[in-house]
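So the sequence lines, in the order shown, correspond to chains A and B. Using this note's numbering, the final residue of the first sequence is 951, and nothing's skipped along the way. Using this note's numbering, the final residue of the second sequence is 951, and nothing's skipped along the way. Have a look at the structure below before the remarks.
Number of protein chains: 2
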Amino acid sequence: MNPILVEVMRGGTVESAHRGALAVLDADGACVAAIGDIERPIFPRSAVKVLQALPLVESGAADQLGLSHAELAVTCASHNGEPAHTQVVAGMLAKAGLDRDALECGAHWPYLDTATRELARAGREPDALNNNCSGKHAGFLCLACAMAGTARVRDYARGYVAADHPVMREVTAALQAATGFDLAGAARGTDGCSIPTYAIPLRCLALAFARVGTGNGLREGHARAAKRLREAVAEAPFMVAGTGRFATRVMQRFGERVFCKGGAEGVYCAALPERGLGVAIKIDDGNNARAAEVVMAAAIEALVRLDDHDMEFMRELSAPVLRNWRGIGVGALRASDALRRALA
Amino acid sequence: MNPILVEVMRGGTVESAHRGALAVLDADGACVAAIGDIERPIFPRSAVKVLQALPLVESGAADQLGLSHAELAVTCASHNGEPAHTQVVAGMLAKAGLDRDALECGAHWPYLDTATRELARAGREPDALNNNCSGKHAGFLCLACAMAGTARVRDYARGYVAADHPVMREVTAALQAATGFDLAGAARGTDGCSIPTYAIPLRCLALAFARVGTGNGLREGHARAAKRLREAVAEAPFMVAGTGRFATRVMQRFGERVFCKGGAEGVYCAALPERGLGVAIKIDDGNNARAAEVVMAAAIEALVRLDDHDMEFMRELSAPVLRNWRGIGVGALRASDALRRALA
């Protein structure tokens, strides 16, 4: 039974609460902080996109196609589907000799409500470029391009979302190498964007992110790829999420000091390179915006050296005020005492 | 510590889970089924709109203004903000000599995404009529009209959302009478639409809904008002929620056999008149669509006499399949064994 990590206050009353678990490890596998069950395998969903992008760089595909910081950053993204995102993804696909028809992630209206309304106002419908995972999928297609050559890529890549496709086998192998967890024996589900997701313990996910932040424990090709991806995201943090989003706001402020990425169903992972630590969070009930993010904010407050301005910036993320439709403050989110103690 | 009531399955794995409590009482106060803590006060939010509408009918305001079934139904609603809803609310306000400027609920884009995109396509912005609570607020303003007369209503009603306004005092008194819970001593918060919300135990909420379904235990004016509101909602279930929504779908099928209404933060209440029972649910983490609704569906399956077609209909609500962006079935929601046992 995991403890309460986040409380939702209305007036002076706890109206709702979110339980979950958090692991903080260094790259040697030492557990620096933990709360809740960090051994139970959980689906990391989109939180591990940076691990799934390692083969794109290690294979040389990113160099061959001359991928920019923005393009590498969007391969690690669950983006808002804003025009800036869809344009970058379309550009990547063009470099691989492909277009949006090659994407197998499906289409959905942009995450960002103003972007959705702009599309609607223009009388348009969303396509696969607007899918929050389109950058990751474009990265898979660029990897396919390196594996098969530009001439053959369209045929070769078809069905790339399947677990046994050569592209996805590369991606899964990188995930296994970084986490050190045997994925052949892991529970498997199908993700929102149709690729497999494997259940992995928070302990292994935190370890993987400590490795991503330091390079320690990764093979040389992965270590170099992780560094390049982190630098790309620090250069183009808007690409990873977008307007108003937690990951974008945090990485716009902290640059390479924090790499963080959420996943559906209340998952959040981070690499804190200057501390040599990795963080992995799962909220039991699957809540992202008001639970996993508040826990990650509390972890950053506790684990990263912050000045007063940084603390003020973080407080908006770790203890956001809840406002009603007239803008009246009606409550707030807060990290539980148990979580604060675990991070102290 | 409340038990798990709903599990979120991805493939064969429990990916996330929702804890909570449920109370089923008859109008004499006998507890027929319960799971979790039903004594802890919780904010019922919009689930008690039918109780808050009792003074509108009992006062004679509904008769004086000639309110229709659709208009009475929308006073009990958390509606989608579709054109059918906003038109009915605008009509009610006109009967009271008012317009949308008198509403103090604030504005937001319609709950229904297609309605939002239609507004955007038309180059329009939402107003207070689109607020999911606009019908309840129109009901408060119609009550104010009966209390102050049409000539004075605009001035009299100003500030009606405040706890000490004469209109809100009537509304709160009805809530207290129906639940039998002392609201003067209760924790109070401000709701999304700016009116007060009072923390009330699930036991008292279930009792209130058993009373609403049977009239037993209510004073005569409230009993008659409850019957009229239930009939109105059964005649116009679209008004209570709208396209695709749980409450609308259930009440379109079952008519007066089931009255059900959700509230923000994972609350759901129901009256089951033919069984003489009231149901009240709170999900700890505040999840509505995939937790409170699944629990309510399981309660209806267990407590209402259903034929095979009804069972098939309910299965879509009690065990919905989760599909990804390409429409592939990736999992399902399910009521926990503990919940099924409690309802058996």
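Ideal Cβ placement from N, Cα and C applies to all residues, glycine included.
Proximal chain A residues relative to residue i, where beta-carbon distance stays under 7 Å
{"i": "residue 892/B", "result": "623, 624, 625, 892 and 894"}
Residue closest to residue i, alpha-carbon to alpha-carbon, out of the options
{"i": "residue 647/B", "options": "897/B, 905/B, 714/B and 889/B", "result": "889/B"}
{"i": "residue 875/A", "options": "609/A, 881/A, 629/A and 745/A", "result": "629/A"}
{"i": "residue 667/B", "options": "941/B, 751/B and 681/B", "result": "751/B"}
{"i": "residue 818/B", "options": "798/B, 782/B, 758/B and 885/B", "result": "885/B"}
{"i": "residue 878/A", "options": "823/A, 612/A and 687/A", "result": "823/A"}
{"i": "residue 932/A", "options": "641/B, 739/B, 656/B and 676/B", "result": "739/B"}
{"i": "residue 671/B", "options": "685/B, 702/B and 660/B", "result": "702/B"}
{"i": "residue 905/B", "options": "868/B, 872/B and 947/B", "result": "947/B"}
{"i": "residue 830/B", "options": "897/B, 895/B and 781/B", "result": "781/B"}
{"i": "residue 834/A", "options": "626/A, 679/A and 732/A", "result": "679/A"}
{"i": "residue 898/B", "options": "918/B, 825/B and 927/B", "result": "927/B"}
{"i": "residue 673/B", "options": "936/B, 895/B, 626/B and 839/B", "result": "839/B"}
{"i": "residue 717/A", "options": "841/A, 936/A and 726/A", "result": "726/A"}
{"i": "residue 675/A", "options": "653/A, 659/A, 694/A and 919/A", "result": "694/A"}
{"i": "residue 862/B", "options": "873/B, 851/B, 872/B and 881/B", "result": "881/B"}
{"i": "residue 854/A", "options": "769/A, 654/A, 631/A and 814/A", "result": "654/A"}
{"i": "residue 706/A", "options": "697/A, 798/A, 713/A and 802/A", "result": "697/A"}
{"i": "residue 865/A", "options": "820/A, 894/A, 873/A and 851/A", "result": "820/A"}
{"i": "residue 714/B", "options": "943/A, 935/A, 941/A and 949/A", "result": "935/A"}
{"i": "residue 635/A", "options": "608/A, 773/A, 825/A and 930/A", "result": "825/A"}
{"i": "residue 631/A", "options": "625/A, 642/A and 924/A", "result": "642/A"}
{"i": "residue 711/B", "options": "768/B, 677/B and 887/B", "result": "768/B"}
{"i": "residue 802/B", "options": "910/B, 816/B, 723/B and 741/B", "result": "741/B"}
{"i": "residue 779/A", "options": "806/A, 758/A, 759/A and 614/A", "result": "806/A"}
Closer than 8 Å at the beta carbon, the chain B residues around residue i
{"i": "residue 796/A", "result": "617, 618, 620, 622, 937 and 938"}
{"i": "residue 806/A", "result": "620"}
{"i": "residue 738/A", "result": "932"}
{"i": "residue 608/A", "result": "608"}
{"i": "residue 650/A", "result": "617, 620 and 622"}
{"i": "residue 730/A", "result": "728"}
Residue i to residue j span [Cα, whole Å]
{"i": "residue 800/A", "j": "residue 810/B", "result": "42 Å"}
{"i": "residue 689/B", "j": "residue 699/A", "result": "40 Å"}
{"i": "residue 939/B", "j": "residue 764/B", "result": "47 Å"}
{"i": "residue 748/A", "j": "residue 651/A", "result": "22 Å"}
{"i": "residue 775/A", "j": "residue 638/A", "result": "31 Å"}
{"i": "residue 599/A", "j": "residue 870/A", "result": "For residue 599/A there is no data in the structure shown, the boundaries of chain A being 608 and 951."}
{"i": "residue 849/B", "j": "residue 735/B", "result": "17 Å"}
{"i": "residue 860/B", "j": "residue 907/B", "result": "12 Å"}
{"i": "residue 754/A", "j": "residue 611/B", "result": "46 Å"}
{"i": "residue 684/B", "j": "residue 729/A", "result": "32 Å"}
{"i": "residue 951/B", "j": "residue 901/B", "result": "16 Å"}
{"i": "residue 756/B", "j": "residue 762/B", "result": "11 Å"}
{"i": "residue 745/A", "j": "residue 681/A", "result": "9 Å"}
{"i": "residue 856/B", "j": "residue 921/A", "result": "43 Å"}
{"i": "residue 872/A", "j": "residue 891/A", "result": "8 Å"}
{"i": "residue 719/B", "j": "residue 687/B", "result": "5 Å"}
{"i": "residue 617/A", "j": "residue 813/B", "result": "22 Å"}
{"i": "residue 649/B", "j": "residue 623/A", "result": "9 Å"}
{"i": "residue 659/A", "j": "residue 845/A", "result": "19 Å"}
In DSSP terms, what residue i is bridged to
{"i": "residue 935/A", "result": "The partner list for residue 935/A (beta bridge, DSSP) is empty, contrary to what the question assumes."}
{"i": "residue 875/A", "result": "869/A and 888/A"}
{"i": "residue 633/B", "result": "884/B"}
{"i": "residue 804/B", "result": "796/B"}
{"i": "residue 648/A", "result": "808/A"}
{"i": "residue 616/B", "result": "621/B and 939/B"}
{"i": "residue 641/B", "result": "630/B"}
{"i": "residue 907/B", "result": "Beta-bridge pairing links residue 907/B to no other residue."}
{"i": "residue 818/B", "result": "Residue 818/B pairs with nothing; no bridge assigned."}
{"i": "residue 929/B", "result": "938/B"}
Under 9 Å from the C-beta of residue i: neighbouring residues of chain B
{"i": "residue 723/A", "result": "720, 723, 724 and 727"}
{"i": "residue 872/A", "result": "615, 617, 622 and 623"}
{"i": "residue 861/A", "result": "Simply none; closest approach about 29 Å."}
Under 7 Å by beta carbon: chain B residues contacting residue i
{"i": "residue 801/A", "result": "931, 933 and 935"}
{"i": "residue 668/A", "result": "Going along chain B, no residue has its Cβ under 7 Å from residue 668/A, so there is no contact; the nearest lies around 25 Å."}
{"i": "residue 712/A", "result": "932"}
Any non-hydrogen atom of the ligand ZN within 6 Å of residue i CB
{"i": "residue 930/B", "result": "The ligand ZN is not among the ligands present in this structure, which contains no ligands whatsoever."}
Beta-carbon neighbours of residue i, restricted to chain A and to distances below 9 Å
{"i": "residue 715/B", "result": "932"}
Where are the alpha helix (DSSP H) runs, 4 residues long or more, that stay fully inside the segment 685-765 of chain B, in chain order? 690-702, 720-728, 741-755 and 760-764
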